[in-house]
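Have a look at the structure below before the remarks.
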Amino acid sequence: MNRTLWIAVGSVFLGIVVLALKSAAYWVTGSIALLSDALESIINVAAALAALVALKISARPADDNHPFGHHKAEYLSAVLEGVLIVVAAGSILR
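Residue 498 in this note's numbering sits at position 47 of the sequence shown; the count goes up by one each step and never skips.
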């Protein structure tokens, strides 16, 4: 696995750790602010997973169906991450 994929895996792992810590803090304190922050961390983990999948797909070599490679997967991941941010903002503002 190359350095970029290791960083993406680390990002997913750290996102899960942060989510667990925020959830535990909410459980201990009952703070709605911590609950909101923990729920936002779910979006962060989902975005990190989408980036990891996109990096794996974009690393594939060119083939007959994709003569220029699979690099557009990274753009689709960026769009998905943007949609997740908008959804998170909408749910917080509601």
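Every residue gets a Cβ at the ideal spot worked out from N, C-alpha and C, and that includes glycine.
First through last residue of the alpha helix (DSSP H) which encompasses R454: R454 to T480
Contact set for A501: own chain, Cβ-Cβ below 7 Å, skip 5 residues either direction: S528, L531 and E532
Helix, strand or coil at G533 [DSSP, three-state]: helix
Buried versus exposed, by CB contacts within 10 Å (16 or more), G541: exposed
Inter-residue CB distance, A524 and A505 (contact presumed, cutoff 8 Å): 4 Å
Cβ contact (3+ pairs, closer than 8 Å) linking the stretch 453-466 and the stretch 489-496: yes
N- and C-terminal bounds of the alpha helix (DSSP H) containing D488: I483 to S509
C-alpha gap between A471 and R511, whole angstroms: 33 Å
Straight-line Cα distance separating D515 from S487: 46 Å
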